[in-house]
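Converting from the sequence shown to our numbering requires adding 20 to each position, the first position being numbered 1. Here a beta-carbon is modelled for each residue, glycine too, at the ideal position from N, C-alpha and C. Working notes, structure below.
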Amino acid sequence: MIELIDVSFAYNKNNLVLKNITYTFNEGVLYVLSGKNGSGKTTLGKLMCGLVKTRQGVVKVRGKDIYKMTVGEISEHVGYLYQNPDLQLFAPTVYEELVFPYELNGKLTDEIKEKVEKLLKDFKLDDKRKSFPLLMSLGERQRLALATIMMRDQRFIIFDEPTASIDAECKRMIQEFIQAFVENGGGALVISHDEDFDLNGANIKSLRMEGGVLYEK
21 MIELIDVSFA
31 YNKNNLVLKN
41 ITYTFNEGVL
51 YVLSGKNGSG
61 KTTLGKLMCG
71 LVKTRQGVVK
81 VRGKDIYKMT
91 VGEISEHVGY
101 LYQNPDLQLF
111 APTVYEELVF
121 PYELNGKLTD
131 EIKEKVEKLL
141 KDFKLDDKRK
151 SFPLLMSLGE
161 RQRLALATIM
171 MRDQRFIIFD
181 EPTASIDAEC
191 KRMIQEFIQA
201 FVENGGGALV
211 ISHDEDFDLN
221 GANIKSLRME
231 GGVLYEK
């Protein structure tokens, strides 16, 4: 659960991007957020995972003030998929991208290796395991970025324009993943302008950002 309590945000003191937002995002629900460019959609998503800090108000992750949590603690619960996947890809190969954090802290167990193999197959990256991520197609990079998030078993994921400039097959895979993730009890916020991105299911809430205010449709 992510709670926003009277949250406002501004990039400068004369321009409030978000205005007094109070809203609770629950697990097991798919939230689809629309709105014009510059309406604050991406800013809201970044606030929810601690990438930017509120001007006023409180953000809580599972009841804990997000600004009293470490980056590691936040990332145990909340994942963020950037519109540009290159912002979260750093390793020289696909395989190393998935195992790097575990190699770094000496926790690359057989269980972790099995999980890596499953994700490589699930995201159709098995034949790319030795490839340099930044030379792959945009769709492949997007799938890899999502796989790195899934390595951490977060229960809420924020997707910022996840289908921007990717092919139809990759779009379908991401759509199916999001729906399965929510059906299995995860929570998701999808920020999207893509009218062809057909998300469906029983637990969907449509939201709109307008004038810095969050509305349920």
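Minimum Cβ-Cβ distance from residue i to chain B less than 8 angstroms
i    : result
I177 : Considering every chain present, this structure includes no chain B. It has just one protein chain.
Unbroken alpha helix (DSSP H) run spanning residue i, endpoints
i    : result
T62  : K61 to M68
L164 : L158 to M170
Q76  : Counting along the chain, Q76 falls outside any alpha helix (DSSP H), though it belongs to the beta strand (DSSP E) covering Q76 to V81.
Exposed unless 16 or more other CB atoms sit within 10 angstroms - verdict on residue i
i    : result
L107 : exposed
P112 : exposed
F110 : exposed
F152 : exposed
G126 : exposed
Beta-carbon proximity check, residue i vs residue j, cutoff 8 angstroms
i    : j    : result
V114 : L164 : yes
I178 : Y100 : yes
Y43  : L67  : no
M229 : L71  : no
G206 : R172 : no
Y51  : L166 : no
T62  : L118 : no
V81  : I22  : yes
F29  : T74  : yes
L170 : L128 : Correcting the residue identity first, residue 170 is Met in this sequence and not Leu. Going by C-beta atoms, M170 is not nearer than 8 angstroms to L128.
Check: residue i C-beta below 7 angstroms from any heavy atom of the ligand GDP
i   : result
A30 : The ligand GDP is absent from the structure shown, which contains no ligand whatsoever.
CA nearest to the CA of residue i, picked from the options
i    : options                   : result
N35  : G58, D85 and E134         : G58
E160 : I94, H97 and K191         : K191
G231 : L38, V81, D142 and F29    : L38
G48  : S185, I224, L234 and P153 : I224
Cβ-Cβ separation, residue j to residue i (assumed contact under 8 angstroms), whole Å
i    : j    : result
S212 : P182 : 7 angstroms
D180 : Q103 : 5 angstroms
V27  : G83  : Contact flag wrong, Cβ pair sits at about 16 angstroms.
Terminal residues of the beta strand (DSSP E) in which residue i lies
i   : result
E39 : The question names Glu, yet the displayed sequence has Lys at residue 39. N35 to F45 is the span of the beta strand (DSSP E), which, as asked, contains K39.
A30 : I22 to N32
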